[in-house]
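Q: My questions will all concern the structure given below.
Numbering (our numbering), first residue to last: 1204 to 1582.
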């Protein structure tokens, strides 16, 4: 090993320092994203266990409550929306789905605003106290319920109303409204315990996804490809060119463009007329059968790449349609070109169309900033 002074001035030490800085930065980003999701799940779990209402919460509201009815939550800014073309909505359920992305403050096509006022969730119904009157949706009469995944709109169908209607709320309040409406509906059918069990399962699954602190890169792990601009990708492209160009030349057969001995005869000076019958027209051998064709020339595809195009790595990762990788090794970014915030991904390992790898396989936004998914990394 080359001698190195105390400042670590050799390229191997510089490579190790860069790798460690990148690994720590990626790990911290992934850990922060994991902790935000963990805190949110635990907040929802505590809210589900303590979510209670009271008659006093409805004081001052222009709303008459039944004897066993209490106000659970109220939001002063909500809009009543109606759908022009009625469709059948899915039945209400108790699924606590994580948000698929930020909601946009827009009204979906085919939905019009009919009123605005205060939304109130009680133990028996959802109510809008609007400027034009009151609109009620009783839990016991709900036949359909749908939350728009891209807009803060919740649509409801009930037995005694033909037109589908619902509420549109501020984007920052929509997630809490949907969760509390689920809790109120669960209470109405006596299934609060099912929501709590679902949240406990989500917390346990999320705990399994906690990112591990990456291993420390050492100078001895540096590869000579780190000295080449572009790294392993450049070396892989050069190796592919070195294999494909000779194979293409063999396939084209430039040394035999027209078929053997005819070239030699054409290049030979024409003999005198007196000797032509004796030299140029010997007895021809019997024609070879058509089945004895020339054996096929070697093709570059006859030797199968054991990794199907994946870079050389000691992890056994390839592109050969094996088992999907959901928990890659900590040193995966030493052998593959990882995307920024790689460890924040939630899915399986895929290669994007720009050549980088991402841990977002199976997600709708997989490789969204890298031209989409190219193929799956397997083992």
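Glycine included, every Cβ here is placed at the ideal spot set by N, Cα and C.
Whose CA, out of 1236, 1514, 1225, lies closest to the CA of residue 1413?
A: 1236
Q: With a threshold of 16 other CB atoms inside 10 Å of the CB of residue 1279, please say whether the residue is buried or exposed.
A: By the neighbour-count rule (16 or more Cβ atoms within 10 Å), residue 1279 is not buried but exposed.
Q: So which of 1550, 1393, 1229 has the shortest CA-CA distance to residue 1417?
A: 1229
Q: Run the CB neighbour count on residue 1147, radius 10 Å, all protein chains shown included, and call it buried at 16 or more, exposed below.
A: Since the displayed the chain opens at 1204 and closes at 1582, residue 1147 lies outside it and no answer follows.
Q: Could you give the residue range of the alpha helix (DSSP H) that holds residue 1243?
A: In the DSSP annotation of this structure, the continuous segment of the alpha helix (DSSP H) that includes residue 1243 starts and ends at 1214-1253.
Q: Give the straight-line distance between the Cα atoms of residue 1522 and residue 1564, rounded to the nearest whole angstrom.
A: 14 Å
Q: Among the candidates 1355, 1333, 1322, whose CA atom is the shortest distance from the CA of residue 1374?
A: 1355
Q: Going by other Cβ atoms of all chains shown within 10 Å of its Cβ, with 16 needed for buried, is residue 1282 buried or exposed?
A: buried
Q: So who's on the other strand from residue 1338, going by DSSP bridges?
A: 1331
Q: Look at the alpha carbon of residue 1540 and the alpha carbon of residue 1557, and state the distance between them as a whole number of angstroms.
A: 10 Å
Q: Suppose the cutoff is 7 Å on Cβ atoms and the five residues either side in sequence are ignored; what does the same chain contact list for residue 1333 look like?
A: In the same chain as residue 1333, and ignoring 5 residues on each side of it, the C-beta atoms closer than 7 Å to its own belong to 1283, 1318, 1319, 1320, in chain order.
Q: In the DSSP output, what is residue 1276 paired with across the bridge?
A: 1324
Q: Should the segment 1288-1299 be called in touch with the segment 1344-1353, which here means at least 3 C-beta pairs below 8 Å?
A: Touching, per the Cβ criterion.
Q: Considering only residues of the segment 1372-1413, which uninterrupted alpha helix (DSSP H) runs meet the minimum length of 4 residues and lie entirely inside it, listed in chain order?
A: 1374-1391, 1395-1411
Q: Going by C-alpha to C-alpha distance, which of 1573, 1366, 1561 sits closest to residue 1580?
A: The candidate whose alpha carbon is nearest that of residue 1580 is 1561.
Q: Need the endpoints of the alpha helix (DSSP H) that residue 1535 sits in, please.
A: Where residue 1535 is concerned, the enclosing alpha helix (DSSP H) starts and stops at 1535-1538.
Q: May I ask you to report which of helix, strand or coil DSSP gives residue 1528?
A: Residue 1528 falls in the coil class under three-state DSSP.
Q: Taking three-plus beta-carbon pairs below 8 Å as touching, is the segment 1237-1246 in contact with the segment 1254-1262?
A: no
Q: Using C-beta distances below 7 Å, list every residue in its chain close to residue 1215, excluding the 5 sequence neighbours before and after it, in chain order.
A: Excluding sequence neighbours, residue 1215 sits near 1422, 1425.
Q: Within this structure, are the beta carbons of residue 1268 and residue 1325 separated by less than 9 Å?
A: yes
Q: Using alpha carbons as the reference points, say which of 1329, 1343, 1353, 1316 lies closest to residue 1335.
A: Closest by alpha carbon: 1316.
Q: Alpha carbon to alpha carbon, how far is residue 1399 from residue 1252? Give it in angstroms, no decimals.
A: 7 Å
Q: If distances are taken between C-alpha atoms only, which option among 1217, 1383, 1524 comes closest to residue 1323?
A: 1383
Q: Can you tell me whether residue 1567 is buried or exposed? The criterion is at least 16 other CB atoms within 10 Å of its CB, across all chains shown.
A: exposed
Q: Can you check which of these residues, 1351, 1534, 1275, 1224, is closest to residue 1386 by C-alpha distance?
A: 1275
Q: Could you give the C-beta distance for residue 1518 and residue 1546, rounded to a whole number, given that I count them as a contact under 8 Å?
A: That pair is no contact at about 16 Å.
Q: In three-state terms, what does DSSP make of residue 1307?
A: coil
Q: Please list the terminal residues of the continuous beta strand (DSSP E) segment that includes residue 1289.
A: Here residue 1289 belongs to no beta strand (DSSP E), and DSSP marks it neither H nor E.
Q: If you draw a straight line from the alpha carbon of residue 1408 to that of residue 1337, how long is it in whole angstroms?
A: 42 Å
Q: Using DSSP with H/G/I as helix, E/B as strand and the rest coil, what is residue 1344?
A: helix
Q: Thinking just about the alpha-carbon of each residue, which of 1549, 1582, 1550, 1543 is nearest to the one in residue 1573?
A: 1543
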